[in-house]
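A.B. asks: Read in order, the letters of the sequence shown correspond to residues 22 to 189 in this note's numbering.
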Amino acid sequence: EEKELEIWGIEIKSATFRKFKTYPICTYSGSLGPKLREGDFQSPEGFYDVTKDRLNPNSDFHLSFNVGYPNAYDRGLGRTGSFIMVHGACVSIGCFAMTNEGIEEIYLLVESALNGGQASLPVHIFPFRMTEENMKAHEGDEWMTFWKNLKEGNDRSLLHIPEPTRPN
């Protein structure tokens, strides 16, 4: 609902997550609820990761990286789809489209982290901020059971602070 992509990092001194920057998502397709199948024009919701092999500096949409959909959970539910990207050019058929200026900054941050020794970057995709207020506002939605599961993962991820990775 907020149509934002947030970049978070660990502040080494305090070992806490801090929001680095928020970028507006230029456009995405579909409505609230998870991606179920190839061609449904939905953007996924869930927990994914970006690895070096998912970077695409030669994208037709300026720059892009694949979020890793479908993950094991999606595949276990029979969900299909491929090449769900965060990219530039402000057009979407299931991806998260940013402005070209936005994707240039985001891509550089992702690429730098992966080239700096981080094996992967987590990508958490939520339909809305996972607050109690928002959960109540969406009571009765067909996806509420799934969203409660996402909220549990969100709440747990806020408690886990991974050790920083340092190149050898």
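By construction, the Cβ of each residue, glycine as well, lies at the ideal position given by its N, Cα and C atoms.
Of the residues Pro78, Met151, His145 and Arg150, which one's Cα is nearest the Cα of Ile28?
C.D. replies: Taking the sequence shown and counting its residues from 1, one reaches residue 28 at position 7. Checking every option, the nearest Cα to that of Ile28 belongs to His145.
A.B. asks: Quick check on Lys56: buried or exposed, where buried means 16 or more other Cβ atoms within 10 Å of its Cβ?
C.D. replies: Numbered from 1 along the sequence shown, position 35 holds the residue referred to as residue 56. Buried, since its Cβ has 16 or more Cβ neighbours within 10 Å.
A.B. asks: Grouping DSSP H, G and I as helix and E and B as strand, with all else coil, what is Lys34?
C.D. replies: In the sequence shown, residue 34 corresponds to position 13, counting from 1. It is coil, neither helix nor strand.
A.B. asks: Would you list the one or two residues that DSSP bridges to Tyr69?
C.D. replies: Along the sequence shown, one-based indexing puts residue 69 at 48. In the DSSP output, where bridge partners are listed per residue, Tyr69 has Val144.
A.B. asks: Can we say the region 87–105 touches the region 126–133, given the rule of at least three CB pairs closer than 8 Å?
C.D. replies: Cβ pair count under 8 Å is below three, so no.
A.B. asks: Hey, out of Arg100, Ala118, Phe38 and Ser80, whose CA is closest to Ser50's CA?
C.D. replies: Start at 1 with the first residue of the sequence shown, and residue 50 comes out as number 29. The option with the nearest alpha carbon to Ser50 is Ala118.
A.B. asks: Bridge partners for Arg75 per DSSP, in chain order?
C.D. replies: In the sequence shown, the residue the question calls residue 75 occupies position 54. Answer is none; Arg75 lacks a bridge partner.
A.B. asks: At the level of alpha carbons, what is the spacing between Leu98 and Leu171?
C.D. replies: Your numbering for residue 98 matches position 77 in the sequence shown. Your numbering for residue 171 matches position 150 in the sequence shown. Going from the Cα of Leu98 to the Cα of Leu171 covers about 15 Å.
A.B. asks: Restricting to Cα atoms, I'd like to know which of Lys73, Gly161, Arg100 and Cys47 is closest to Gly138.
C.D. replies: By 1-based counting over the sequence shown, the position of residue 138 is 117. The residue with the shortest Cα to Cα distance from Gly138 is Lys73.
A.B. asks: Which of the three DSSP states, helix, strand or coil, is assigned to Thr186?
C.D. replies: Residue mapping note: residue 186 aligns to position 165 of the sequence shown, counting from 1. A caution first: Thr186 carries a pLDDT of 49, below 50, which makes its placement in the model unreliable, though a value can still be read off. Thr186: coil per DSSP, three-state reduction.
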